[in-house]
Each structure stands twice: as C-alpha cells, then as structure tokens.
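Working notes, structure below.
There are 4 protein chains.
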Amino acid sequence: MRKKDDEKEKSIKEAVIKLILQEGFHGTSISKIAKVAGVSPATVYIYFENKEVMLQDIYSEYSEEIFEYLLNRVNQEMRGRQLIEVLVKSYYNYIREHKEIFSFVEQFSTCPSLAGSCRVEIKGINNINNLIAEMKNNQVIRDYSNDNLLAIIFYPVKAIAVNNHKSESERAVLLQEMIQIIQDALLI
Amino acid sequence: MRKKDDEKEKSIKEAVIKLILQEGFHGTSISKIAKVAGVSPATVYIYFENKEVMLQDIYSEYSEEIFEYLLNRVNQEMRGRQLIEVLVKSYYNYIREHKEIFSFVEQFSTCPSLAGSCRVEIKGINNINNLIAEMKNNQVIRDYSNDNLLAIIFYPVKAIAVNNHKSESERAVLLQEMIQIIQDALLI
Amino acid sequence: MRKKDDEKEKSIKEAVIKLILQEGFHGTSISKIAKVAGVSPATVYIYFENKEVMLQDIYSEYSEEIFEYLLNRVNQEMRGRQLIEVLVKSYYNYIREHKEIFSFVEQFSTCPSLAGSCRVEIKGINNINNLIAEMKNNQVIRDYSNDNLLAIIFYPVKAIAVNNHKSESERAVLLQEMIQIIQDALLI
Amino acid sequence: MRKKDDEKEKSIKEAVIKLILQEGFHGTSISKIAKVAGVSPATVYIYFENKEVMLQDIYSEYSEEIFEYLLNRVNQEMRGRQLIEVLVKSYYNYIREHKEIFSFVEQFSTCPSLAGSCRVEIKGINNINNLIAEMKNNQVIRDYSNDNLLAIIFYPVKAIAVNNHKSESERAVLLQEMIQIIQDALLI
DNA sequence: CATGAATGAGGTTTCATTCAT
DNA sequence: AATGAATGAAACCTCATTCAT
Numbered sequence: 001m002r003k004k005d006d007e008k009e010k011s012i013k014e015a016v017i018k019l020i021l022q023e024g025f026h027g028t029s030i031s032k033i034a035k036v037a038g039v040s041p042a043t044v045y046i047y048f049e050n051k052e053v054m055l056q057d058i059y060s061e062y063s064e065e066i067f068e069y070l071l072n073r074v075n076q077e078m079r080g081r082q083l084i085e086v087l088v089k090s091y092y093n094y095i096r097e098h099k100e101i102f103s104f105v106e107q108f109s110t111c112p113s114l115a116g117s118c119r120v121e122i123k124g125i126n127n128i129n130n131l132i133a134e135m136k137n138n139q140v141i142r143d144y145s146n147d148n149l150l151a152i153i154f155y156p157v158k159a160i161a162v163n164n165h166k167s168e169s170e171r172a173v174l175l176q177e178m179i180q181i182i183q184d185a186l187l188i
Numbered sequence: 001m002r003k004k005d006d007e008k009e010k011s012i013k014e015a016v017i018k019l020i021l022q023e024g025f026h027g028t029s030i031s032k033i034a035k036v037a038g039v040s041p042a043t044v045y046i047y048f049e050n051k052e053v054m055l056q057d058i059y060s061e062y063s064e065e066i067f068e069y070l071l072n073r074v075n076q077e078m079r080g081r082q083l084i085e086v087l088v089k090s091y092y093n094y095i096r097e098h099k100e101i102f103s104f105v106e107q108f109s110t111c112p113s114l115a116g117s118c119r120v121e122i123k124g125i126n127n128i129n130n131l132i133a134e135m136k137n138n139q140v141i142r143d144y145s146n147d148n149l150l151a152i153i154f155y156p157v158k159a160i161a162v163n164n165h166k167s168e169s170e171r172a173v174l175l176q177e178m179i180q181i182i183q184d185a186l187l188i
Numbered sequence: 001m002r003k004k005d006d007e008k009e010k011s012i013k014e015a016v017i018k019l020i021l022q023e024g025f026h027g028t029s030i031s032k033i034a035k036v037a038g039v040s041p042a043t044v045y046i047y048f049e050n051k052e053v054m055l056q057d058i059y060s061e062y063s064e065e066i067f068e069y070l071l072n073r074v075n076q077e078m079r080g081r082q083l084i085e086v087l088v089k090s091y092y093n094y095i096r097e098h099k100e101i102f103s104f105v106e107q108f109s110t111c112p113s114l115a116g117s118c119r120v121e122i123k124g125i126n127n128i129n130n131l132i133a134e135m136k137n138n139q140v141i142r143d144y145s146n147d148n149l150l151a152i153i154f155y156p157v158k159a160i161a162v163n164n165h166k167s168e169s170e171r172a173v174l175l176q177e178m179i180q181i182i183q184d185a186l187l188i
Numbered sequence: 001m002r003k004k005d006d007e008k009e010k011s012i013k014e015a016v017i018k019l020i021l022q023e024g025f026h027g028t029s030i031s032k033i034a035k036v037a038g039v040s041p042a043t044v045y046i047y048f049e050n051k052e053v054m055l056q057d058i059y060s061e062y063s064e065e066i067f068e069y070l071l072n073r074v075n076q077e078m079r080g081r082q083l084i085e086v087l088v089k090s091y092y093n094y095i096r097e098h099k100e101i102f103s104f105v106e107q108f109s110t111c112p113s114l115a116g117s118c119r120v121e122i123k124g125i126n127n128i129n130n131l132i133a134e135m136k137n138n139q140v141i142r143d144y145s146n147d148n149l150l151a152i153i154f155y156p157v158k159a160i161a162v163n164n165h166k167s168e169s170e171r172a173v174l175l176q177e178m179i180q181i182i183q184d185a186l187l188i
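Protein chains in written order, with the UniProt record's numbering: chain A, 1 to 188; chain B, 1 to 188; chain C, 1 to 188; chain D, 1 to 188.
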C-alpha cells in the first residue's frame with residue numbers, strides 16, 4: 001500500500017521534471033503532468049497541496065541532490081589538487097547525467113517569482129562549505145572568502161556543461177583545462 | 001493611416017521585462033502586458049506576430065545589449081590588468097543596474113523550450129571574443145581557450161551579483177577579491 | 001469519479017442544431033452552445049475534441065438519420081408505384097418535421113471546408129441503393145443508373161419542401177403532382 | 001479614376017468568392033479578404049457598408065448571373081426537346097465552370113440566417129418562368145406547375161454536377177441519361 | 001479615396017482546481 | 001486513495017469596425 005503511493009508520487013515528480021525540460025514552466029500543466037505520470041489530475045492533489053507547492057517540493061528535493069552527489073564522490077584522504085578536480089568533474093558529470101533535473105533547478109532558481117517564496121538550500125551547501133573551510137584551515141587552498149571559492153569552482157564549469165555547440169570530446173578538453181586553471185588559482 | 005508608434009512598441013517591451021521579473025514567464029500573459037503597457041491586447045499583435053516571437057524578439061535585442069555595454073567601457077589603451085577589472089566590474093554593474101533585463105535574459109536562456117528555437121547571439125559575443133584573442137596575441141593573458149577565459153571572467157561574478165543575502169558593501173568586497181583572483185589566474 | 005452524462009452530450013448536440021439554424025455556422029460559437037446547453041464552455045471539450053470534430057460528429061450522426069427514417073417507412077410488400085410515393089413523401093415529411101436537422105446537414109454538406117475533411121455517408125445510402133437496385137431487377141422501374149434514380153426521387157422534392165413562399169396546402173398540391181411526375185418517369 | 005474603383009470592388013468580390021470556397025463563411029474575415037484582394041481592411045468599408053451587406057450584395061449579383069448565363073444560351077427557334085437539353089446542359093456547365101460562385105451561392109442560400117434577411121431573386125427567375133410558361137402554352141411540354149417543372153429541370157442535375165467521386169466522362173454519361181429522363185417526363 | 005494602426009468584444013481552447021463516485 | 005467529470009477563470013489570438021493621416 002505504502003509502496004504504491006511512493007511510486008505514484010515518484011512518477012508525478014518525474015513527469016514534472018521531464019515536462020519542464022521539454023516545455024518549460026509555462027506549458028507544463030497539471031493535466032499534462034497527470035497524463036505523463038499515468039494518473040488522474042485529481043490524484044496529483046492527493047500528493048501535493050497545489051501546483052506551486054508541488055514545484056517547490058520538487059525543487060527542494062532535487063536542489064539538495066547535487067550536494068549529496070558531490071559529497072559521495074569526495075573523501076577525507078583526498079588532498080587539495082585531487083579534491084578540486086573531483087568537485088569540478090563531478091559537478092560537470094552531474095549536469096550531463098541529469099540534464100532534466102539540472103534544467104529544472106536552473107529554471108526554477110532563475111525565476112524570482114518561484115524561487116523568491118521558497119526557503120531552502122541550507123543543509124547540502126553547508127557540507128560543501130565545511131569542506132572548503134577545512135581546506136583553508138589546512139592551508140591547502142588560499143584564504144579567499146567561501147562565496148568566491150564556490151563561485152570559482154562551480155560556476156565556470158556550468159558554461160562548459162551546457163554548451164551544446166561543442167562535441168563531447170571538445171568539452172572534455174575544455175573541462176581538463178578549466179580544472180587546471182582553477183587548481184592554479186586556488187591551491188597554495 | 002497612422003504611423004506605427006515607437007513609444008508603444010517600447011512600452012510593450014518594457015512591460016514584458018517588468019512582468020517577467022515580477023511574475024516569471026508563466027504568469028506573464030498578453031493581457032497583463034497590455035494592461036501594464038497601456039494598450040489593448042490586440043495592439044500587441046500589431047507589433048509582434050505572437051507571444052513566442054515577441055519574447056524571442058525582446059531576447060534578441062536585450063541579449064546583445066550587455067555586449068555593447070561592456071565594449072563601451074573598454075578601450076585600446078587599457079592593459080591586461082585594468083581590462084579584466086573593467087570587464088568584471090562592468091558586468092557586475094550591468095547586472096545590478098539592469099536587474100529586470102538580466103533576469104529576463106537568464107530566464108529565457110535557461111528555458112530550453114524558449115531558447116531552443118532561437119538562434120541569435122553572434123555579433124556581440126564576437127567582439128568580446130576578438131578582444132580576448134587580441135590579449136592572448138599580445139601575451140598579456142595566458143593562452144587558455146577563449147571559451148574558458150570567458151567562463152572564468154563572466155560566470156563567477158554572476159554568483160556575487162545575484163546574491164541578495166549580502167549587503168551592497170559585502171558584495172563590493174567580494175567583487176574586489178574576485179577581480180584579484182581572476183587577474184592572478186589569467187595574467188602572465 | 002463521475003460517469004459521463006448522456007443527457008449533457010445530447011443537450012450539447014441539440015444546442016448546436018438549434019443554433020446553426022438560427023445563426024448559421026458563423027455565429028454559432030462554443031460559448032453560445034454552452035449557454036444554450038446549460039453547461040460550461042469547458043464541458044463541451046470533455047465530449048468533443050474540438051469544434052471541428054464536434055460538427056463532424058454531429059453531421060455523421062444526423063446525416064444517417066434520414067436514411068433510417070426512410071427505410072422505416074418502406075416494406076417488402078410495397079410495389080413500385082407505392083414505393084416511390086412513400087419515398088418521396090417521407091423525404092418531404094422528414095424535411096418538414098426536422099427543419100433544424102435538415103438545415104444543419106444541408107449547410108454542412110454545401111460547405112467544402114467542413115464537408116471536405118469528413119468521410120461518412122456509406123451505410124444508409126447503401127440500403128437505399130439496394131432498394132432501388134431490387135426494383136430495377138424486378139423490372140418495376142426503368143433501367144436508369146442508380147445515381148440518376150436517386151437524384152430524380154430526392155432532389156426535386158427538396159425544392160418544394162424548402163419553399164416557404166407557399167402555404168402548407170399549396171405545397172401539398174405540388175408534392176402530389178411531383179409524385180405523379182416521378183412515377184410516370186420511372187415506372188415501367 | 002472610376003476604372004480604378006471598379007477594379008478594387010471587383011477584386012474584393014473575387015477575394016470573397018475565393019475565400020468562401022476555401023474556408024467557408026466562418027473562416028472568411030475582412031482582413032483575410034483584404035489581404036487576398038490586395039487592399040487595406042479599411043478600404044473594404046469604402047465599397048460596402050459592412051460585412052453582412054457586402055455578402056448580400058455579392059449574393060444578389062451572382063445569384064442573378066446564372067439566369068443570364070442560361071438565357072444567353074437559349075433562343076426562340078429552339079423546340080422543346082432541344083430547349084430542355086440546352087437548359088440542363090447549360091446549368092451543368094455553369095456549375096462546373098463557376099465552382100466558386102456556385103459554392104458561394106449554395107452556401108449563402110442554405111444558411112437561413114444569411115438568406116433570410118435578403119430579398120432578391122426576382123428578375124432572372126421570372127425570365128426563366130416566362131420561358132417555361134410559353135412552352136406550356138405552345139403545348140410543347142406538359143401542363144405541370146411551373147415550380148415543379150423548374151425543380152425537375154434544375155435540381156437533379158445538381159446532384160451530378162457536385163459529385164466529385166465520379167470522373168468527368170462518367171458524369172457526362174449520367175448527364176446525357178438525365179436529359180433523356182427529363183425530356184421523356186416533360187415533353188408531350 | 002485609401003491606408004495601416006488601433007481596439008473592445010468575443011472567438012476557441014486550456015488552466016488549476018473541485019466534485020461526486 | 002483514486003478517479004474522470006465538471007467548471008469559472010483565464011489563456012492566446014482574431015474579429016469587425018473605426019480612427020487619424
């Protein structure tokens with residue numbers, strides 16, 4: 001019984017993610033979601049209070065996922081050089097492997113009317129922050145502010161990951177160079 | 001016959017930009033646009049074929065504007081260090097001074113269903129590319145690929161500019177540090 | 001869940017028929033139909049995919065009805081003279097008794113942009129065709145082509161039935177004479 | 001100057017006729033008409049008071065045209081047999097040669113909301129009526145009522161003319177047989 | 001006379017949501 | 001819990017017509 005429920009909720013969430021990529025937030029309606037998820041429109045309202053809450057719930061869930069993904073690929077034994085490489089590469093890989101989720105999260109967070117009324121993003125980012133802070137303490141990376149360190153590590157790689165004008169191998173070359181740039185900039 | 005009214009077209013565009021920031025792409029309807037612009041909904045269709053074309057037209061126009069803005073603040077006499085500072089600062093200033101336009105462009109370009117069927121962005125970005133290429137030729141900045149140079153110069157600063165958790169002065173400190181990081185990373 | 005309401009579908013169809021007579025195909029809007037049928041405009045779209053399909057569905061249904069009507073008034077024991085009389089009179093009566101339906105069907109079938117994309121009319125007309133063929137086999141009526149026999153039996157009577165310049169009794173006289181003419185022309 | 005006007009009026013009328021065939025009465029808007037006619041929507045209102053009057057004007061003009069066409073092909077020296085043949089054939093030819101006009105007139109006259117408020121059809125039909133009356137006086141055709149004679153002569157041939165399931169040559173055979181049937185039915 | 005701009009009204013259709021089963 | 005039916009509101013867009021030049 002519980003199992004059934006979880007599957008329905010999951011299929012609704014997946015339908016949303018899929019449709020938002022294909023059709024954007026506008027163009028993604030409850031009835032389309034229901035059709036793709038294989039349920040009735042009324043069923044959506046059993047799992048989510050309304051459309052806005054539904055989108056926020058899904059955003060909350062998936063916007064944390066990336067941090068778990070990153071933390072799972074990092075461990076205590078890695079030194080600075082390797083750690084930067086793994087963080088940048090993992091972020092790149094996550095985007096490429098989860099295009100739909102990444103697109104949903106990006107669309108949601110660039111839309112003030114959606115993201116504005118939504119308070120999340122605290123747990124996951126904190127863990128990453130702690131990781132960075134520890135590296136600074138250990139004098140592995142330079143003593144820049146955490147915000148800037150995160151910005152340097154995670155923002156430029158987005159530009160590579162979403163560039164569909166380039167081939168996979170071209171992007172790989174860019175990624176390697178980018179890792180080098182970031183390592184040189186941040187490591188002591 | 002009456003002449004097509006430039007003021008009307010302008011006020012429609014401004015209404016779109018304004019509403020997209022406040023309400024997002026979903027939630028910005030033709031009738032709301034018409035109301036804000038002070039015209040009839042039917043009038044919108046005199047200036048734009050349909051809603052999609054309207055958004056694409058506006059995107060085409062404003063996505064170029066940022067490049068003009070940057071190029072206007074740069075000149076031949078600037079050496080590498082100053083040039084990086086001006087580019088990063090100008091981009092930051094543009095975002096802060098044109099929040100509505102920046103939000104529109106970001107929302108549009110992160111939405112595949114909108115940006116996908118829209119081929120633009122060639123003139124402006126080329127001029128910036130030439131600027132960067134020249135700097136490499138003059139052995140002012142390191143010989144990294146253009147894509148990565150642009151990514152390093154323009155992406156991390158976004159993170160600072162859109163961070164509304166910080167005060168204006170806190171952001172200024174971050175920006176100054178970020179400029180330093182980028183200069184150190186790119187200048188020979 | 002609620003069951004689809006046959007009453008509702010019927011009242012929508014009747015509203016269409018009624019409005020098309022009063023206002024023509026132009027001038028018959030979904031919202032008018034909904035108002036006359038006592039439902040919401042959105043409800044119409046539960047029963048019909050869109051306006052065009054709705055009109056075609058209704059046409060398909062009613063364009064067959066006339067043939068059933070005719071066949072119900074005919075039987076095996078009737079000989080040629082009587083059969084022609086019954087066919088002509090019944091067609092006349094059908095038109096007079098079902099002015100709205102007849103008007104709908106006529107308007108629909110004279111409008112190429114509607115009728116063009118609509119393939120129907122096969123079952124009913126076939127039964128009439130068989131009836132005519134049998135009469136020819138039995139050497140009751142002359143050996144003209146089926147198309148022409150149908151044209152002679154059913155087309156001139158339309159002219160009488162739609163002639164509102166004449167009184168009911170005048171039309172009755174015309175009808176009687178017309179039956180005579182057709183009998184003389186077709187019977188051996 | 002006058003010449004110019006007449007041409008514009010003519011091109012508007014032709015645009016209406018053309019569009020009504022292609023798109024039906026619904027689907028034929030003033031702006032489409034203007035586009036096809038190569039004029040401004042406002043210009044249409046110089047030549048016609050409004051849309052309804054325009055359609056009625058065009059109907060009045062073209063619904064008479066058929067009678068002129070028929071009368072031009074008939075002369076005093078023709079005897080009954082030939083006269084019936086010429087009338088039936090000419091009507092058939094008119095329909096095939098002027099499909100657009102015929103379709104317009106049929107659609108208009110089968111639509112009560114259009115035809116109802118339109119009083120015309122007097123001159124042309126009278127001449128045909130006189131022709132028929134004369135034939136009865138000369139004891140060439142039987143003494144049936146004029147209404148029925150017209151119905152027999154002109155209605156069945158419509159069925160042949162609009163039958164696009166048949167080839168041109170098949171229709172020719174049907175037409176010849178139909179003429180024979182009508183001659184036998186009406187001639188003394 | 002002729003026009004493209006302009007518009008209020010209304011077109012078809014879809015929306016997010018609720019109802020009744 | 002789950003559903004398809006039902007709907008008022010609103011979406012996009014076009015209409016017939018008038019205005020200003």
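Think of the CB as a built atom: it goes at the ideal place given N, C-alpha and C, for glycine as much as any other residue.
Please confirm whether residue i has its beta-carbon closer than 8 Å to some beta-carbon of chain D.
i: His-26(C); result: yes
i: Leu-174(C); result: yes
i: Asp-6(C); result: no
i: Ile-181(C); result: yes
i: Met-178(C); result: yes
i: Leu-21(C); result: yes
Applying the criterion that 16 or more other CB atoms from any shown protein chain within 10 Å of the CB defines a buried residue, is residue i buried or exposed?
i: Ile-188(C); result: exposed
i: Asp-147(B); result: buried
i: Lys-13(B); result: buried
i: Ile-103(A); result: A quick correction: the sequence has Ser, not Ile, at residue 103(A). Buried is the call here.
i: Ala-42(D); result: exposed
i: Lys-123(D); result: exposed
i: Val-53(C); result: exposed
i: Gly-24(A); result: buried
i: Gln-56(A); result: buried
i: Ala-161(C); result: buried
i: Ser-113(B); result: buried
i: Ser-63(A); result: buried
Do you know how far the Cα of residue j is from the Cα of residue i?
i: Asn-129(C); j: Lys-89(C); result: 18 Å
i: Glu-106(B); j: Arg-73(A); result: 30 Å
i: Tyr-47(B); j: Leu-174(A); result: 42 Å
i: Ala-172(A); j: Leu-149(A); result: 22 Å
i: Leu-83(A); j: Val-39(A); result: 44 Å
i: Ile-179(B); j: Lys-8(B); result: 41 Å
i: Ile-181(B); j: Tyr-45(B); result: 49 Å
i: Asn-138(A); j: Tyr-144(B); result: 30 Å
i: Ser-31(A); j: Ala-115(A); result: 23 Å
i: Asp-5(C); j: Ile-153(C); result: 40 Å
Within the 8 Å Cβ cut-off, does residue i reach chain C?
i: Lys-136(D); result: no
i: Gln-107(D); result: yes
i: Met-78(D); result: no
i: Lys-158(D); result: yes
Is there a C-beta anywhere in chain B that falls below 8 Å from the one on residue i?
i: Asp-57(A); result: no
i: Ala-161(A); result: no
Residue i CB to nearest chain A CB: under 8 Å?
i: Lys-32(B); result: no
i: Ala-15(B); result: no
Going by DSSP, name the residue or residues bridged to residue i.
i: Leu-187(C); result: Ile-141(C)
Could you tell me if the beta carbon of residue i falls within a distance shorter than 7 Å of some heavy atom in the ligand COA?
i: Phe-104(D); result: In terms of ligand content, the structure shown is empty, and the ligand COA therefore cannot be addressed.
### Message
Short of 7 Å Cβ to Cβ, which residues in the segment 140 to 156 of chain C face chain D?
### Response
Listed by position, the residues of the segment 140 to 156 of chain C near chain D (Cβ gap below 7 Å) are Tyr-144, Ser-145, Asp-147, Asn-148, Ala-151, Ile-152, Tyr-155, Pro-156.
Note to self: Please list, in chain order, the residues of the segment 87 to 115 of chain D that have any C-beta partner in chain C closer than 8 Å.
What the structure shows: Residues of the segment 87 to 115 of chain D with a C-beta less than 8 Å from any C-beta of chain C: Ser-103, Glu-106, Gln-107, Thr-110, Cys-111, Pro-112, Ser-113, Leu-114, listed in chain order.
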